[in-house]
Structure formats: structure tokens, C-alpha cells
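Residues 11 to 193 (my numbering) are what the sequence shown spells out, left to right.
What follows is a set of notes on a single structure, which appears directly below.
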Amino acid sequence: MKSTTLRRSNITREKVAMMESLSRYNRQHQDEDFYKSQNKTRELDVLWQSFGVKPQKNEKAPQVYFVTGLILGVIATLAITTVVSLLINLSTPKDELVIPKKQAIESAGKFSFIPADSAAVKSSPVTLSNEEYTVKEGDTLESIVIRFYGSFDMSKVNAIQSTNKMANPNALSIGQKLIIPMN
Numbered sequence: 011m012k013s014t015t016l017r018r019s020n021i022t023r024e025k026v027a028m029m030e031s032l033s034r035y036n037r038q039h040q041d042e043d044f045y046k047s048q049n050k051t052r053e054l055d056v057l058w059q060s061f062g063v064k065p066q067k068n069e070k071a072p073q074v075y076f077v078t079g080l081i082l083g084v085i086a087t088l089a090i091t092t093v094v095s096l097l098i099n100l101s102t103p104k105d106e107l108v109i110p111k112k113q114a115i116e117s118a119g120k121f122s123f124i125p126a127d128s129a130a131v132k133s134s135p136v137t138l139s140n141e142e143y144t145v146k147e148g149d150t151l152e153s154i155v156i157r158f159y160g161s162f163d164m165s166k167v168n169a170i171q172s173t174n175k176m177a178n179p180n181a182l183s184i185g186q187k188l189i190i191p192m193n
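In C-alpha cells:
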């Protein structure tokens, strides 16, 4: 460095000499560390190659684990669906499926287990009146159709909607009275 540069920077010649020797020392030791690390990797490679992992005789193939997991998954799924279906069957109220007393009294004499004559059936046609149902918590129009008709039918849903003049079948409120056409 020039002496004018040294005077301007307030760095003494001793400090410059020390910095130069420090940089030489760092360069020298970096090279040594590089060669040492390369030697260590070679040693590790040799050790790893001689370490060789040998398979054990009792080790099972991955396919065995896959098939076992698949079978256990199917069994677990079946068990869960069985439990859920049992819970659904137990939670459905059986009291609402009973015919109301008024209708049971009216139709008490009309039911017989002996086949009737065709002439008797033609002379006394069975007329079904409309039912009235009060909406309870958790009811949907579909569940009401299943409760009264035994199975889901979109034509029955449409009949209930038109009878009750409902615009939205999903807008049921608790306590709402619905007229259920039974014919």
C-alpha cells in the first residue's frame, strides 16, 4: 500500500503486516482442511462398503404387509358400518310409526287376514283421508315421506309440497303442521 493511503486511513504499517500474515495463514489452513475432509470421506466410503447390511431370514416382503393392511382395513370398515347401522336402527323412534287411534278405530273392521271376495272388495272401496303431521326437530321432508309411505318417492315429496303450498322443501320449521295426502 502507498504511504499516502495509509496516512489517510489511520492504519499503521504493523497493522497492515499483521493483516497480510493473517490472510496467508487462513489460506494455508483452508487448503489443509480441504484435503483432510477429502481423506475423511474416502475413509467413510471404505467403512460403509465393508459394513454391508445382510437381510435377515425372517424379513417379510412388503407385499405381505400391504395385503395384511388391506384385509384389516376391509374388516375395520365392515365393523364400523355395522355399528353405525345398528345405532341408526336403535335411534329411529318406533312410536311414530304406529297408526293414530282415530284411524285405527275407523279401520278396525276393514282388515281381515282371510282373502275377501272380489265382489266385496269392489262394493266397499277403502278411502284414505289426509293425515296431519307436526314437524319435529330433525325432520326433513324426505324422512316424513319415508315415515308415512314406507319408502322415498319424489312424486310423494312433490305431492306434499303442492298440498301444503311449499316453495322450498328445505324450509321446514319445528311445530309446523303439514297435511300428508294418503291417496
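Cβ atoms here follow ideal geometry from the backbone N, Cα and C, with glycine treated the same way.
It should be emphasised that the depicted structure is a prediction, and the values quoted were computed from it without experimental measurement.
Could you please give me the residues that DSSP links to residue i through a beta bridge?
{"i": "R187", "result": "In the sequence as presented, Arg is not what sits at residue 187; that position holds Lys. Paired residue(s): T144."}
Tell me the DSSP secondary structure of residue i in three-state form.
{"i": "I21", "result": "coil"}
{"i": "E30", "result": "helix"}
{"i": "T150", "result": "coil"}
{"i": "G83", "result": "helix"}
{"i": "N193", "result": "coil"}
{"i": "M176", "result": "coil"}
{"i": "D55", "result": "helix"}
{"i": "S101", "result": "helix"}
{"i": "S122", "result": "Only weak support is given to the placement of S122: the predicted model assigns it a pLDDT of 49, under 50, and the question is left unresolved by the model."}
{"i": "L182", "result": "coil"}
{"i": "K166", "result": "helix"}
{"i": "A71", "result": "coil"}
Would a C-beta distance cut-off of 7 Å place residue i and residue j closer than the cut-off?
{"i": "L100", "j": "V145", "result": "no"}
{"i": "L151", "j": "P191", "result": "no"}
{"i": "L97", "j": "Y143", "result": "no"}
{"i": "I156", "j": "F162", "result": "yes"}
Nearest CA to the CA of residue i: which residue from the options?
{"i": "E147", "options": "Q186, S95, R37", "result": "Q186"}
{"i": "N193", "options": "Q171, N140, S165", "result": "N140"}
Kindly say whether residue i, judged by its beta-carbon, lies nearer than 7 Å to any beta-carbon of chain D.
{"i": "Y159", "result": "The structure shown contains no chain D; it is built from a single protein chain."}
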